[in-house]
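Undergrad: To start, I am sharing the structure in question, which I have written as structure tokens.
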Amino acid sequence: MLRMRIDTRAAGPLTWTGTSYQSQDGATRITPVDNPAVEQVAVTDQTRTLVVVRERASGTSPTSAAVETVTPEVFERIRSLAVQWPLDFVAIELADGEPVRVTAGAARVTPLYLAHDAHVLAGSWDMADLTDYVRGINVREAARLLVYRPRYSTDTFFTGIWHLTERATAHFAGHLVIRYPEPALHLRPRELAQDAEVIDAFTSTIDVVLDKRPLDPDRTLFHLTGGFDSGTIAARAAARWPGRLKTAALLIGGPGRDSQIRRRTEMRTVMSYAETDILIDAMAHQPLAAACLRTQGAPISPAEEPLHHPFTLMARATARTGATSVVTGLGGDEMVALSVEEYPDKKLPPLSTAADLPWIGARTRAALEFADDGIAPPAQINSMTLLSLETTAPVLLREGLWPVHPFADPDMVALGEQLPYDWRMLKQLQREHLASHGMSDDVTHPTARESFAELVQHALTTQGVTLLKEMLDEGSLLFDEKLVDPDGITSAVDRLQSGTYGEDHDAKLLEVLTLHHATTAYC
């Protein structure tokens, strides 16, 4: 939600220029995202300065961006209240002779990447801003990504760039130290009262979450994929603001495509939405197409959306409608996820290992032993959800759009944690909510699989083969660092060209290309 360059040698106090907080000599700059959903406040007691960039909350007075001078006692009170903000925020504290402190909030929807030299702490939601600080590849993070075992931590794919996780605080005084918070406490499933109205409670919680932000329905677009999660949130919002909400979706391929189109049509017919409905055919705008920014060599973070090209096109089309906020269904899976104890036969889906992926290199295999080292403690929001939100945010922020994810709100998470097994199993909660709006069994109990699997398969077996061959011909830092085995890639290319494709393992070649493009752009 901001870009910053803090020089510990900067001269003069910070002042607001209309777009940034800057020191007198311009060496220090803090620039918030320009969006109606974001606000900034700053105070100083003439020894310390606090700058807070945060997601705007409903029911609060408009803020002034100007730096206000206060007493030390008021400064302390403001600092204490700042870190209790219920929505996304970043708080930056500067003090004479003290380390710079940067603290992130618990309800993160945007990433903040950090880098530094001897005197400057740099940060941004866009990793591309930190290209000059890259020193190489973080082998532990590379191993996690290559076998699809992401972990929420301060690590990024590159050495020299760090990730500020939720509730963590970064301290900088020539060296950077990031301190994790205490683990967040969680609730347990409860037995329902006989007269419990679960759908009413769910609907009320959606309202609470939406009302936390001063959303303008006429400038808000809802992702309406045809699935349970986005459909549930959009249906409730459409009931509140009939005829005013724009919608958008990526069209998938494969046997689920017709089902997706049919279900979306029913959703938009049963509920009243605005006429504007953006549909981007992902099969016609594939993630490895020549027009893709990654394929073209742009410095797109490997942590960003893997299906980058079609999502970018959808974001651009959304911005052209005049929307400034986008509401998604991300986090719906985790909001009703089963615990290890509740999972059928007490078994979790198997994790990918190096043995499953013949192109995994020797250093990756060795590093997997340490894949769980240094990860962040439990957060209020599921760590996989947090990673998903931060994957999505840069694509939207580049187009001037602010992301809103109701299922990832702490209030929604708390509701999900307390629901009995039967309401969470197979997303019964979302199914019943859609049924309460009059949706048919085709919407609430679809029979066709709807996923991006066919899109990934088509991309890899067409443009992907060409890009993998180029990788073999031209070389890759992934090969040089023994993270990926070129012989394994050669075998994979031969297999793909022969018409043999195994979704469980071959789909992960997309990550190989993502990381290869990242090393080419950044290193």
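All residue numbers for the sequence shown refer to our numbering, where the first residue is 536 and numbers rise by one. In this text, a Cβ means the ideal position worked out from N, Cα and C, and glycines have one as well.
Rank Leu892, Thr1049, Leu1045 and Met870 by C-alpha distance to the C-alpha of Ile741 and give the top, closest one.
TA: Ranking the options by Cα distance to Ile741, first place goes to Met870.
Undergrad: Suppose you measure from the CA of Met818 to the CA of Thr804; what does that come to, to the nearest Å?
TA: 25 angstroms
Undergrad: Between Thr543 and the rest of its own chain, which residues show a CB-CB distance below 6 angstroms, the 5 nearest in sequence each way excluded?
TA: His654
Undergrad: Excluding five sequence neighbours on each side, which residues of the same chain lie with their C-beta closer than 6 angstroms to the C-beta of Ala630?
TA: Around Ala630: Arg583.
Undergrad: For Leu750 and Ser860, which I take to be in contact (beta-carbon distance under 8 angstroms), what is that distance rounded to the nearest angstrom?
TA: 6 angstroms
Undergrad: Output the distance between the C-alpha atoms of Arg798 and Asp976, rounded to the nearest integer angstrom.
TA: 10 angstroms
Undergrad: Under three-state DSSP, which class holds Ala650?
TA: strand
Undergrad: Have a look at Ala824, Phe692, Ser1011 and Val586 and flag the residue whose alpha-carbon is nearest the alpha-carbon of Thr996.
TA: Ala824
Undergrad: Helix, strand or coil for Gln581, going by three-state DSSP, please let me know.
TA: coil
Undergrad: By Cβ distance below 6 angstroms, which residues in the same chain neighbour Asp1020 in space, the five residues on each side in sequence not counted?
TA: Trp894 and Gly896
Undergrad: Give the DSSP-derived three-state secondary structure of Lys781 in the structure shown.
TA: strand
Undergrad: Tell me the DSSP secondary structure of Tyr683 in three-state form.
TA: coil
Undergrad: Return yes when the Cβ of Ala708 is within less than 7 angstroms of the Cβ of Arg540, no when it is not.
TA: no
Undergrad: By DSSP's criteria, Leu756 is part of a beta bridge. Which residues make up the other side?
TA: Lys781 and Val861
Undergrad: When you compare the CB positions of Pro567 and Val573, do they come within less than 7 angstroms of one another, or not?
TA: Taking the C-beta atoms as reference points, Val573 is found nearer than 7 angstroms to Pro567.
Undergrad: Taking only three categories from DSSP, how would you classify Pro567?
TA: strand
Undergrad: Using a threshold of 7 angstroms, state whether the C-beta atoms of Glu952 and Leu722 are closer than that.
TA: Note that the C-beta distance between Glu952 and Leu722 is below 7 angstroms.
Undergrad: Excluding the five sequence neighbours on either side, which residues of its own chain have a C-beta within less than 8 angstroms of the C-beta of Thr606, listed in chain order?
TA: Asp580
Undergrad: Going along the chain, which residues of its own chain have a beta-carbon closer than 7 angstroms to the beta-carbon of His1051, five neighbours each way excluded?
TA: Hits under 7 angstroms: Met1006, Ser1011 and Leu1013.
Undergrad: For Ser836, count the other beta carbons within 10 Å of its own beta carbon; 16 or more makes it buried, fewer makes it exposed. Which is it?
TA: buried
Undergrad: Determine, using beta carbons only, whether Leu537 and Val588 come nearer to each other than 7 angstroms.
TA: yes
Undergrad: What residues in its chain sit with their C-beta under 7 angstroms from that of Leu665, if we drop five residues either side in the sequence?
TA: Within the same chain, Leu665 has close Cβ partners Tyr648, Ala650, Ala657, Ser659 and Ile696.
Undergrad: Could you name the residues of the same chain whose beta carbon sits closer than 7 angstroms to that of Val1028, not counting the 5 residues immediately before and after it, in chain order?
TA: Val1000, Leu1003 and Lys1004
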